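Top line first, the protein sequences correspond to chains A and B.
Note that the first sequence covers residues 1 to 385 in this note's numbering.
Note that the second sequence covers residues 1001 to 1185 in this note's numbering.
All residues carry an ideal CB built from backbone N, CA and C; glycine is no exception.
It should be emphasised that the depicted structure is a prediction, and the values quoted were computed from it without experimental measurement.
First up is the structure itself, then whatever we jot down about it.
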Amino acid sequence: MPKEIIDTANHIAAEAVRIAKPGVVAAYPITPQTTIVEKIAQMIETGKMKSEFICVESEHSAMTAAIGASASGVRSYTATSSHGLLLMHEMLTWAGMARLPVVMTNINRAVGPGWNIWCDLNDALAQRDTGWIQIYCAYPQEIFDTTIQAFKLAEDKRISLPVMVNHEGFIMSHTSMPAKIYDEAEVDKYLPKYNPNWKLDPQDPLSHGNLISPEHYTEVRNDMQKSFDAAKDIFVKNAEDWKKQFGSYFGGMIEYYMCDDAQYVMVTLGTIGAEGKVAVDKLRKEGHKVGIARIRMFRPFPTEEIEKLSKKSTLIVIDRAISPGMGGIVHSEVKSCAAPGTKIFGFIAGLGGRDVTYGDIENMIRKAIEGKAKSSEWYDLKEAQ
Amino acid sequence: MSLVEIRFHGRGGQGAVTAAQLLVAAAFKAGKKGVQAFPFFGAERRGAPVMAFARVADEEVVIHSQIYNPDVVVVLDSGVMEYVDVAKGVKEGGLVIINTTKKPSEYNFGKVRVATVDATGIAMKNKISISGIPIVNTAILGSIAKCVNWVGIEHLEKAITEKMGEKAPQNIEAIREAYNSTVVA
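This is the structure:
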């Protein structure tokens, strides 16, 4: 029987990690990720979890240790946030390009200066091109389920890529809500033991990460791209298999809400896509045909699904992140794969932890419906003081 | 009942977040499927005024923004009322529960019900303290049960037994005393 608990998203993520049984956890604490690491360290210390916990002196080392463990054929995990993730950047590309199935929880937090511990998605979205699969969650149960599914996806021999599972700082990380913790024996049936393609082994020495000449480098990258493409269907199938076995389900690459007949669809990542349901319900009652497409899998990007959606609906993209000098990051991605002639509006909102309420979401969608939205704009921008 | 939003005011270290977490654990036991408890997002300092929040609903809660118009306000330390407008945004017909030896009639927040309880006295009597400072976060939950219809004292007792183990009996006693001695205007 699953155990239903009420706890913070960070503790629920830690429970999922315990059940996934990584051989090595290497991590360095940073707000708002700290409570995951504390919980895992406590579980290891008290014998509830049998993993090697490596205390490291920085996030760069945390990722390096996770890479080393993974290369030796061991399931490995880490967690970080914001500047911790930025400090990992070099080693993120190493894990990605070396095709090592490290799983990491990233708690989305703004980057400084000005120093800010609150949520936005710029930390993770800035790691877009490092060769990591990226998933964004909006419900505590989704965090539990996706964390375990992430190991399965990462370690799939057709994929062999690291996976970053994101949830939002404080909004999720420190918020207590109910979630089902499924039986370990049942999860074992879903998630087989890690069986690596290769591993570093002193008894069977091999060289890894050596020079690749221009003659081969392109093909190595192309092979990686093929695995990213393949990850789309496998991610969807893994979620469906999980649904059959456990019952909980949050969508494939995208969670659709009321999109079938929608003239206007809000596209976003994370909890704006959950809270937005309240706004959509209200607008629907007024007769507006609106819906939500919450992108769960950002890398690989759901290009075909967004194109399909864009053929029947006007898209309103809400970004809790910005690429300075360009605009909303998800907005850019959506524009790049929408059908020609699609109307797409973009809003930048909720940076550095500014609240985005269902009322705000309603205002943004309404602005698009009333024809007052611009192609790209900032929401709730205060006058210069 | 669709959605009830609760805001706790206290000082860092008084257990406002724990109070919110215990309350929603009890409400969940009372059959409310949608529960949520969270701290004010930021850095806390011991002794400084703090807030914690809770949502209780029949169905899953999808809202994650802060609470601006609470149905219920719970004040763990009436001293913060010197600096903080605890009734800010509270809904008309809402409820403010204050830990104080004063009577409800000594407060006026407009069209809002007021309840008072001497949670500090109850905590001291039941020897619930940390470093000699009485901890009132459990006792005052009894006052909430007295004033609302979506959580009962029996649900609070179950939640506290699960969370507090051997410390549960004195906290349960405090909850019962608070339930019985709360004065509602």
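Check                                                                                                                         : Outcome
Residue from K1032/B, Q1066/B, G1047/B and A1027/B whose Cα sits closest to the Cα of G353/A                                  : Q1066/B
Where V1017/B falls: helix, strand or coil (DSSP)                                                                             : helix
Validate contact between the stretch 56-69 of chain A and the stretch 105-114 of chain A using beta carbons, cut 8 Å, 3 pairs : no
Sub-9 Å separation of I107/A and Q42/A beta-carbons                                                                           : no
Proximity winner among K367/A, L161/A, E15/A and S173/A, relative to F1038/B (alpha-carbon distances)                         : S173/A
Contact set between A1025/B and chain A, taken where Cβ atoms lie within less than 9 Å                                        : I6 and S176
Proximity below 9 Å, CB of V1084/B to CB of I1097/B                                                                           : no
Given 8 Å, three or more beta-carbon pairs between the stretch 296-313 of chain A and the stretch 335-348 of chain A          : yes
CB contact flag (Y249/A, V280/A, <9 Å)                                                                                        : no
Pick from D360/A, I6/A and A124/A that is closest to I181/A, judged by C-alpha positions                                      : I6/A
Interface flag, Q1021/B vs chain A, CB-CB below 9 Å                                                                           : yes
Length at least 3, wholly inside the stretch 282-322 of chain A: the beta strand (DSSP E) runs in chain order                 : 290-295, 297-299 and 314-319
Whole-angstrom distance between G346/A and K374/A, CA atom to CA atom                                                         : 7 Å
F235/A to Y1179/B span [Cα, whole Å]                                                                                          : 51 Å
Integer Cβ distance of A1072/B from V1004/B, believed to fall under 8 Å                                                       : First, the residue type needs correcting, since residue 1072/B is Val and not Ala in the sequence shown. At roughly 7 Å, the Cβ-Cβ gap stays under 8 Å, so V1072/B and V1004/B are in contact.
Closest by C-alpha distance to C119/A, when choosing among T130/A, K243/A, M104/A and L269/A                                  : L269/A
Neighbour flag for W118/A against chain B, beta carbons, 9 Å                                                                  : yes
Contact check, I148/A vs Y190/A, beta carbons under 9 Å                                                                       : yes
Identified DSSP bridge partners for W378/A                                                                                    : I348/A
Cβ of G353/A within 9 Å of any chain B Cβ                                                                                     : yes
Members of the stretch 340-365 of chain A that neighbour chain B once the beta carbon cut-off is set at 9 Å                   : G353, D355, V356, T357, Y358, G359 and D360
Which residues DSSP lists as bridging D7/A, in chain order                                                                    : M177/A
Own chain, CB closer than 6 Å to N166/A, minus 5 neighbours either side, in chain order                                       : N106, N108, A124 and Y136
Option nearest V37/A by Cα separation, candidates G47/A, V25/A and T46/A                                                      : V25/A
Q134/A: first and last residue of the uninterrupted alpha helix (DSSP H) it sits in                                           : No alpha helix (DSSP H) contains Q134/A, which is instead part of the beta strand (DSSP E) from I133 to Y136.
Under 9 Å (Cβ pairs) to chain A, residues found in the stretch 1057-1074 of chain B                                           : E1060, V1061, V1062, I1063, H1064, S1065, Q1066 and Y1068
CB contact check: Q1036/B to chain A, cutoff 9 Å                                                                              : yes
9 Å Cβ cutoff met for I1006/B and V1074/B                                                                                     : yes
Option in E215/A, D183/A, G68/A and K21/A with minimal Cα separation from G47/A                                               : K21/A
N-terminal and C-terminal residue of the beta strand (DSSP E) that T1116/B is part of                                         : R1113 to V1117
Cβ distance (whole Å) where M364/A is taken to contact I318/A below 8 Å                                                       : 6 Å
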